[in-house]
DNA sequence: CCTAAACCTTACCATGGTAGTAAGGTCAAG
DNA sequence: CTTGACCTTACTACCATGGTAAGGTTTAGG
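Protein chains in written order, with our numbering: chain A, 248 to 377; chain B, 248 to 377.
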């Protein structure tokens with residue numbers, strides 16, 4: 248399979264497949280005589296794994312670890328679970344931060360009449376007058 | 248005031264003040280004979296406004312609009328409120344997405360024993376076996 | 001008055017993950 | 001054999017921020 252086919256079958260763009268190879272997330276693949284990268288079904292499987300992990304918000308570093316564990320038939324599931332729970336914690340922290348921002352902005356918006364007059368507690372808040 | 252003093256007083260780094268000037272968020276300021284940027288208290292006020300808006304997650308484009316409205320004494324508060332509510336909507340969307348990811352990862356983690364054995368529904372999920 | 005420290009200037013590079021472009025080589029179908 | 005679809009590498013850009021380096025300026029102390 249050439250890179251375009253793999254891209255279509257895995258949902259990872261050819262661009263990103265080359266990038267993942269460059270950065271060591273996936274190994275260098277074999278080449279045809281003319282220099283084309285050649286892939287097989289196992290590569291498609293791996294790239295799908297990577298795409299799903301990306302979709303779940305795992306960073307490249309974490310995905311690298313997950314891939315290593317995935318390919319190690321003797322891994323203890325403890326290690327995988329630790330990575331997942333760590334990710335959940337980070338997501339929780341991100342969520343909490345966004346909710347906090349959201350509430351502040353929403354509160355300020357609630358104070359503002361939103362009419363033709365210039366008085367605006369939102370701008371007052373941003374300018375430090377509250 | 249030199250840029251360092253303004254940075255200390257506003258909470259915006261000298262680096263970012265120059266960047267904001269480059270990108271047109273704030274106007275070019277006057278210079279001393281030797282080329283140093285010179286600021287006054289009003290500039291500190293403006294930069295504090297910008298920092299607070301950044302802290303609330305507003306994008307640079309939105310902040311540019313907020314600054315314009317802030318400096319327009321006759322703006323209708325309606326326009327400001329619209330920007331704020333729009334930002335709340337975007338934050339809500341971001342939060343919903345993160346919560347969705349969080350729940351998927353957390354669910355997979357809950358299925359995994361997390362012990363010395365290699366069986367791991369997290370990896371199975373990522374590899375598409377679920 | 002001289003020197004050293006603290007400050008300023010511009011112009012680079014890096015981040016992370018992705019997309020775009022350009023210039024050129026290869027392959028397959030008609 | 002031509003044409004179009006595909007591949008290659010190498011570059012740029014995004015966004016907001018931080019870092020560095022090489023050099024000029026100002027200020028305070030001896």
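Here a beta-carbon is modelled for each residue, glycine too, at the ideal position from N, C-alpha and C.
(Q) Only counting the same chain, and skipping five residues up and downstream in sequence, which positions put a Cβ closer than 8 Å to that of residue 370(A)? (A) Translated into positions along the first chain, residue 370(A) becomes position 123. Here the set comprises nothing.
Q | Identity of the residue in 361(A), 350(A) and 317(A) nearest residue 338(B) by Cα | A | The count along the second chain starts at 1 and reaches residue 338(B) at position 91. Ranking 361(A), 350(A) and 317(A) by Cα distance to residue 338(B) puts 350(A) first.
Q) Which bits of chain A does residue 280(B) rub up against, with CB to CB less than 7 Å? A) Within the second chain, the letter at position 33 stands for residue 280(B). By Cβ distance, chain A contributes nothing, its closest Cβ being about 33 Å from residue 280(B), past 7 Å.
Q. Can you find a C-beta in chain A that's less than 9 Å from the C-beta of residue 287(B)?
A. Translated into the one-based positions of the second chain, residue 287(B) becomes position 40. Not one chain A Cβ lies under 9 Å of residue 287(B).
Q.
Along the chain, where does the alpha helix (DSSP H) containing residue 315(B) start, and where does it finish?
A. Here residue 315(B) refers to the residue found at position 68 when the second chain is read from its first residue. Looking at the DSSP string, the run of the alpha helix (DSSP H) that includes residue 315(B) is 307 to 318.
Q. When DSSP builds the beta bridges, which residues end up paired with residue 301(A)?
A. Against the first chain, residue 301(A) aligns to sequence position 54. None; residue 301(A) has no bridge partner.
Q.
Residues of the segment 356 to 369 of chain A in Cβ contact with chain B at a cutoff of 7 Å, in chain order, please.
A. 356, 359, 360, 361, 362, 363, 364, 365, 366, 367 and 369
Q) Taking the C-alpha atoms as reference points, what is the distance between residue 267(A) and residue 282(A)? A) Along the first chain, one-based indexing puts residue 267(A) at 20. Along the first chain, one-based indexing puts residue 282(A) at 35. Going from the Cα of residue 267(A) to the Cα of residue 282(A) covers about 18 Å.
**Q.** chain B contact for residue 353(A) (CB, 9 Å cutoff)
**A.** Position 106 of the first chain, counted from the first residue, corresponds to residue 353(A). Yes, residue 353(A) lies at the interface with chain B (some Cβ there is under 9 Å from its Cβ).
(Q) What are the residues in the segment 325 to 343 of chain B lying within 7 Å of chain A by C-beta distance? (A) 325, 327, 328, 331, 332, 334, 335, 338, 339, 341 and 342
**Q.** Interfacial residues, the segment 294 to 306 of chain B to chain A, with Cβ spacing under 7 Å
**A.** 295, 296, 299, 300, 303 and 304
Q: Pull up the distance between the alpha-carbon of residue 333(A) and that of residue 326(A), whole angstroms please.
A: Taking the first chain and counting its residues from 1, the one referred to as residue 333(A) is at position 86. Taking the first chain and counting its residues from 1, the one referred to as residue 326(A) is at position 79. Cα to Cα, the separation comes out at about 11 Å.
Q. Given that residue 322(B) touches chain A, what residues does it touch there, using C-beta distances under 7 Å?
A. Within the second chain, residue 322(B) is the residue found at index 75, counting from 1. Going along chain A in sequence order, the residues near residue 322(B) (Cβ under 7 Å) are 365.
Q: Quickly, what does DSSP pair residue 284(A) with across the bridge? List them, please.
A: If you number the first chain from 1, residue 284(A) lands on position 37. Note: residue 284(A) sits in a beta bridge opposite 278(A).
**Q.** residue 334(A): first and last residue of the uninterrupted alpha helix (DSSP H) it sits in
**A.** For the purposes of this step, residue 334(A) is taken as the residue at position 87 of the first chain. Its alpha helix (DSSP H) spans residues 324 to 358.
Q.
Please return the same chain residues whose Cβ sits closer than 7 Å to the Cβ of residue 356(A), not counting the five positions on each side in sequence.
A. Working through the first chain from its first residue, we reach residue 356(A) at position 109. Cβ within range, chain order: 369.
Q: Would you kindly check if the distance between the Cβ of residue 257(B) and the Cβ of residue 313(B) is under 9 Å?
A: Taking the first residue of the second chain as 1, we reach residue 313(B) at position 66. Taking the first residue of the second chain as 1, we reach residue 257(B) at position 10. Against a cut-off of 9 Å, the Cβ pair of residue 257(B) and residue 313(B) comes out as no contact.
**Q.** Residue closest to residue 364(A), alpha-carbon to alpha-carbon, out of 364(B), 340(B), 363(B) and 319(B)
**A.** Residue numbering aside, residue 364(A) sits at position 117 when the first chain is read from its first letter. Ranking the options by Cα distance to residue 364(A), first place goes to 319(B).
Q. Taking DSSP as the reference, what is the three-state secondary structure of residue 291(A)?
A. Position 44 of the first chain, counted from the first residue, corresponds to residue 291(A). Helix at residue 291(A).
Q) Cβ of residue 329(B) within 9 Å of Cβ of residue 373(A)? A) Within the second chain, the letter at position 82 stands for residue 329(B). Within the first chain, the letter at position 126 stands for residue 373(A). In this structure, residue 373(A) does not lie closer than 9 Å to residue 329(B) by Cβ.
Q) Alpha carbon to alpha carbon, how far is residue 285(A) from residue 342(B)? A) Translated into positions along the first chain, residue 285(A) becomes position 38. Translated into positions along the second chain, residue 342(B) becomes position 95. C-alpha separation (whole angstroms): 40 Å.
Q.
On the criterion of 16 or more Cβ atoms from any shown chain inside 10 Å, does residue 377(B) qualify as buried, or is it exposed?
A. To locate residue 377(B), count along the second chain from 1; it is residue 130. Exposed, since its Cβ has fewer than 16 Cβ neighbours within 10 Å.
Q. At least one CB of chain A closer than 9 Å to the CB of residue 346(B): is that the case?
A. In the second chain, residue 346(B) corresponds to position 99, counting from 1. So yes, residue 346(B) belongs to the interface.
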